[in-house]
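In structure tokens:
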């Protein structure tokens, strides 16, 4: 089950700022494991087969695709009980029918969209930055605590409305410690840094830079162009940076997609081919990894066992800022990028990318 690490590993790059893996059923199938039915490490057996009985199919063997997976990095500030989580990074992975090829793309955190009304949180709806959907959805009327699963639900609905994607089958969110532990458990990852990146948050030895006023001071970790080996904290730090880059968040999301493939490539090289090895990786995530509702991540992971990194096409969606009266309101995707989203919703990605080859991120 090499690709049982897909759901966790793909989201792990997401700026290192999440809290759970939220898996939605997305269908009316009756074979989904119920919430709390058993921990991921415990096999679920409906009955004990007789010696002559055929072995039961592996969980997830019935999943054939296509699939659309939502990968979200959220700033949860879990030490602050009333902190409203924002989705700082939003990625989507579209997996073709047959589950042997996929497309990974990002939506800008400041994308200006219509967020629908959400009864669970008392949110009336309106046009806002997409990063705010998680916060608005996670509110619990009359309470200081937040419900991140509700926030994920509103974000998924918002993305579905904007992109035209009818069903998002699964989502994943992981926090700082989760990424650090996962990458270190894999022995670090190797990738090619495509431009000089200076860290706003870390010193060269990984310690936090001192915050003075609204900015950080002191020596900075620097990632130079070329082939590099990154440890857990370096992977988090590299994937977070957007300030000081020529194209800001658009550069950052490209780096994150590069990091996805680096993590998946390393996971494959480690030959996580059995449940025991996989469980060691999942265990390394500790309390930063939680599954809620619907089918378990391992089921999607089994379904994606033949999805190799070389078959994951990275797609770059470009856009520009929008404002009013000189003030910044957010981002909007350009016509070519919106056309790609339409191609995803209609199942016509290959033809669209053939006509718009510059959207493919080669790095």
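In the UniProt record's numbering, the protein residues as written are 1 to 363.
Backbone N, C-alpha and C define an ideal beta-carbon position, used for all residues, glycine too.
Self-check item: Contact between the stretch 217–227 and the stretch 190–209 (3+ Cβ pairs under 8 Å)
Solution: yes
Quiz item: So what's residue 149 in DSSP terms, helix, strand or just coil?
Solution: Along the chain shown, read from residue 1 onward, the residue named residue 149 stands at position 149. Three-state result, residue 149: helix.
Exercise. Note down the Cα distance separating residue 225 from residue 188, rounded to an integer number of angstroms.
Key: By one-based count along the chain shown, residue 225 stands at place 225. By one-based count along the chain shown, residue 188 stands at place 188. Straight-line Cα distance between these residues: approximately 18 Å.
Quiz item: Going along the chain, which residues of its own chain have a beta-carbon closer than 7 Å to the beta-carbon of residue 348, five neighbours each way excluded?
Solution: By one-based count along the chain shown, residue 348 stands at place 348. The beta carbon of residue 348 sits closer than 7 Å to no other beta carbon from its chain once the five residues preceding and following it are set aside.
Quiz item: Do residue 115 and residue 128 have their C-beta atoms within less than 7 Å of each other?
Solution: If you number the chain shown from 1, residue 115 lands on position 115. If you number the chain shown from 1, residue 128 lands on position 128. Result yes, Cβ atoms of residue 115 and residue 128 sit closer than 7 Å.
Practice problem: Tell me whether residue 264 is buried or exposed, calling it buried when 16 or more other Cβ atoms sit within 10 Å of its Cβ. | Solution: Translated into the one-based positions of the chain shown, residue 264 becomes position 264. So residue 264 counts as buried.
Quiz item: Going by other Cβ atoms of all chains shown within 10 Å of its Cβ, with 16 needed for buried, is residue 328 buried or exposed?
Solution: Counting from one through the chain shown, the residue named residue 328 turns up at place 328. Result: exposed.
Quiz item: In the DSSP assignment, what residue or residues form a beta bridge with residue 192?
Solution: To locate residue 192, count along the chain shown from 1; it is residue 192. 227.
Quiz item: When burial is assigned at 16 or more other CB atoms within 10 Å of the CB, is residue 164 buried or exposed?
Solution: In the chain shown, counting from the first residue as 1, residue 164 sits at position 164. Per the 10 Å Cβ criterion, exposed.
Quiz item: Are the stretch 245–265 and the stretch 89–108 in contact at 8 Å, needing three or more beta carbon pairs?
Solution: yes
Exercise. Check whether the Cβ atoms of residue 118 and residue 137 sit closer than 7 Å, and answer yes or no.
Key: Translated into the one-based positions of the chain shown, residue 118 becomes position 118. Translated into the one-based positions of the chain shown, residue 137 becomes position 137. In this structure, residue 137 lies closer than 7 Å to residue 118 by Cβ.
Exercise. Just confirm the distance between the C-beta atoms of residue 318 and residue 342, as a whole number of angstroms; I'd bet it's less than 8 Å.
Key: Residue numbering aside, residue 318 sits at position 318 when the chain shown is read from its first letter. Residue numbering aside, residue 342 sits at position 342 when the chain shown is read from its first letter. Residue 318 to residue 342, Cβ: 16 Å. No contact.
Quiz prompt | Inter-residue CB distance, residue 109 and residue 88 (contact presumed, cutoff 8 Å) | solution = For the purposes of this step, residue 109 is taken as the residue at position 109 of the chain shown. For the purposes of this step, residue 88 is taken as the residue at position 88 of the chain shown. Yes, residue 109 and residue 88 are in contact; Cβ-Cβ is about 6 Å, under 8 Å.
Exercise. Using alpha carbons as the reference points, say which of 170, 152, 192, 200 lies closest to residue 227.
Key: As a working mapping, residue 227 is identified with position 227 in the chain shown. When only C-alpha atoms are compared, the closest one is 192.
Quiz item: Is the distance from the Cβ of residue 97 to the Cβ of residue 60 below 7 Å?
Solution: The sequence position of residue 97 within the chain shown is 97, counting from 1. The sequence position of residue 60 within the chain shown is 60, counting from 1. Going by C-beta atoms, residue 97 is not nearer than 7 Å to residue 60.
Self-check item: Nearest-angstrom Cα separation, counted from residue 243 out to residue 198
Solution: Against the chain shown, residue 198 aligns to sequence position 198. Against the chain shown, residue 243 aligns to sequence position 243. For the pair residue 198 and residue 243, the Cα-to-Cα distance works out to about 9 Å.
Self-check item: Cβ shell of residue 355 (< 7 Å), same chain only, five flanking positions each side left out
Solution: The residue you call residue 355 lines up with position 355 of the chain shown. Contacts found: none.
Exercise. Consult DSSP for residue 167 and reduce its assignment to one of helix, strand or coil.
Key: On the chain shown, residue 167 is found 167 positions in, with the first residue counted as 1. Note: residue 167 maps to coil in three-state DSSP.
Quiz item: Helix, strand or coil: how does DSSP classify residue 88 here?
Solution: Position 88 of the chain shown, counted from the first residue, corresponds to residue 88. Three-state result, residue 88: strand.
Quiz item: Under the rule that 16 or more other beta-carbon atoms within 10 Å means buried, what is residue 315, buried or exposed?
Solution: Stepping through the chain shown from its first residue, residue 315 is reached at position 315. It counts as buried.
Quiz item: Can you tell me whether DSSP reads residue 290 as helix, strand or coil?
Solution: Reading the chain shown from its first residue, position 290 is the one you call residue 290. With a pLDDT of 43 at residue 290, under the threshold of 50, the predicted position of this residue should be treated as unreliable, and no value is reported.
Quiz item: Per DSSP, residue 310 is paired with what?
Solution: Here residue 310 corresponds to residue number 310 of the chain shown, with the count starting at 1. Paired residue(s): none; residue 310 is not in a bridge.
Exercise. Can you grab the Cα-Cα spacing for the pair residue 238 / residue 196, in whole Å?
Key: Counting from 1 along the chain shown, the entry for residue 238 is found at position 238. Counting from 1 along the chain shown, the entry for residue 196 is found at position 196. Answer to the nearest angstrom: the Cα atoms are 10 Å apart.
Practice problem: With residue 331 as the anchor, note down where its alpha helix (DSSP H) starts and where it stops. | Solution: Position 331 of the chain shown, counted from the start, is the residue given in the question as residue 331. According to the DSSP assignment, residue 331 belongs to no alpha helix (DSSP H) but to the beta strand (DSSP E) extending over 327–333.
Quiz item: Considering only C-alpha positions, which residue in the set 251, 103, 84 is nearest to residue 360?
Solution: What you label residue 360 is simply residue 360 of the chain shown in a count that begins at 1. Measuring from the Cα of residue 360, the nearest candidate turns out to be 103.
Quiz item: Is the closest heavy atom of the ligand ZN to the C-beta of residue 100 under 6 Å?
Solution: Annotation note on the ligand ZN: not contained in the displayed structure, which lists no ligands.
Quiz item: residue 351 lies in the alpha helix (DSSP H); which residues open and close that run?
Solution: Indexing the chain shown from 1 puts residue 351 at position 351. Run containing residue 351: 349–355, per the alpha helix (DSSP H) assignment.
Quiz prompt | DSSP three-state assignment for residue 63, whether helix, strand or coil | solution = The residue you call residue 63 lines up with position 63 of the chain shown. Looking at residue 63 - three-state DSSP - the assignment turns out to be coil, as it is neither helix nor strand.
Quiz item: How should residue 72 be labelled, buried or exposed, when 16 other C-beta atoms within 10 angstroms of its C-beta is the threshold for buried?
Solution: Within the chain shown, residue 72 is the residue found at index 72, counting from 1. Buried, because 16 or more other Cβ atoms sit within 10 Å of the Cβ of residue 72.
Self-check item: Other residues of its chain near residue 245: CB distance less than 6 Å, five sequence neighbours each side excluded
Solution: Stepping through the chain shown from its first residue, residue 245 is reached at position 245. Once the five neighbours on either side are set aside, the close Cβ partners of residue 245 are 251.
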